[in-house]
Amino acid sequence: MPQAGWPGLAERIDAALPQTQCTRCGYPDCRAYAQAIAAGQAGINQCPPGGAEGVARLAAITGLKPMPLNPEHGTEAPRRLAVIDEAWCIGCTLCIQACPVDAIVGAPKRMHSVLADWCTGCELCLPPCPMDCIELRPLPDQALAGSTGWAAWSAAQAQAARQRYAARQQRLAPARRERRNPLHGGEMENPQDGALPLEAPSGSKTAEQQRKQDVVAAALERARQRQAERLR
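Per the working numbering, the very first residue in the sequence shown carries number 651; after that it's consecutive.
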């Protein structure tokens with residue numbers, strides 16, 4: 651159990667992670683996963699973006715034995731980038747809210763675009779899109795196409811992604827502090843505290859969830875109206 655040297659160990663582990671912030675490891679961000687590894691609460695084989703090379707790096711840092719990726723968290727696969735079909739985008743901003751590194755730009759009721767150089771391929775923008783107009787495509791650089799793990803991702807890119815994520819967290823912190831936790835009547839959990847996000851009880855709906863549904867409903871109605879006008 652790699653507890654010696656914590657929290658310094660957590661810093662070294664975090665620096666060795668790809669910083670995609672994809673949550674596939676089961677934790678809300680790379681930092682939380684690093685802390686869990688350092689505390690002996692998570693395995694070193696839960697990061698698909700890092701691949702086998704990532705596991706080897708974590709093994710060298712922690713002194714643990716290298717092991718295959720845990721398939722429960724996904725498999726090592728070629729890195730891909732998110733691309734928005736702007737013809738179908740309704741400007742709901744849900745993908746912008748989901749992107750952990752601010753790689754999607756746009757405004758309400760306006761089409762959105764992905765900044766390819768910033769996209770980590772985390773896939774978190776796909777589930778919330780009500781129009782299913784986001785797809786993952788191979789890297790445009792043919793030299794990297796088909797590459798996996800750290801062969802498709804550099805230390806400089808990881809550091810840049812970490813900085814963008816930190817800047818986003820800092821920017822959103824005031825709003826999170828103002829939002830009340832619907833389960834406990836207190837402030838929302840800090841996503842970097844290592845805990846998994848809380849879920850509201852089945853059947854309940856927070857004001858934020860209702861707001862998002864209203865935004866999507868309005869956007870869909872605008873899309874239907876535009877389609878009807880084209881068919882006239």
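Heads up, the beta-carbon is just placed ideally off N, CA and C, and yes, glycines get one too.
(request) Measure the C-alpha to C-alpha separation of L744 and P778 and round it to an integer number of angstroms. (result) 6 Å
(request) State the DSSP-derived secondary structure class of T889, mapped to helix, strand or coil. (result) It is not possible to answer for residue 889, since the shown part of the chain is limited to 651 through 882.
(request) Would you kindly work out how many angstroms separate the C-alpha atoms of Q671 and P788, rounded to a whole number? (result) 19 Å
(request) Would you kindly work out how many angstroms separate the C-alpha atoms of M781 and A688, rounded to a whole number? (result) 40 Å
(request) Compare the Cα-Cα distances from Q792 to each of D752, R730 and E726 and report the closest residue. (result) R730
(message) For I711, which residues in the same chain have their Cβ closer than 7 Å to its Cβ, ignoring the five residues on either side in sequence?
(response) R662, I663 and A666
(request) Out of A825, D752, I784 and P678, point me to the one whose CA is closest to A810's CA. (result) D752
(message) Only counting the same chain, and skipping five residues up and downstream in sequence, which positions put a Cβ closer than 6 Å to that of A766?
(response) L731
(request) Please report how far the alpha carbon of P721 lies from the alpha carbon of K759, in whole angstroms. (result) 39 Å
(request) Assign T673 to one of three DSSP states: helix, strand, or coil. (result) coil
(message) Rounding to the nearest angstrom, what Cα-Cα distance links R814 and R707 in this structure?
(response) 23 Å
(request) Leaving out five residues on either side along the sequence, give the residues of the same chain with a beta carbon under 7 Å from the beta carbon of A808. (result) P668 and Q669
(message) Here's the rule: buried if 16 or more other CB atoms are within 10 angstroms of the residue's CB, otherwise exposed. What is I784?
(response) buried
(message) Once the 5 residues before and after P750 are set aside, which same chain residues still bring their CB inside 6 Å of it?
(response) Q671 and Y815
(message) Check for me: the alpha helix (DSSP H) holding E828 runs from which residue to which?
(response) A805 to E828
(request) Determine the burial state of V755: buried for a count of at least 16 other Cβ atoms within 10 Å of its Cβ, exposed for fewer. (result) exposed
(message) Between P790, G690, P699 and A660, which has its C-alpha nearest C675's C-alpha?
(response) P699
(message) Quick check: what's the CA-CA separation for Q685 versus L776?
(response) 27 Å
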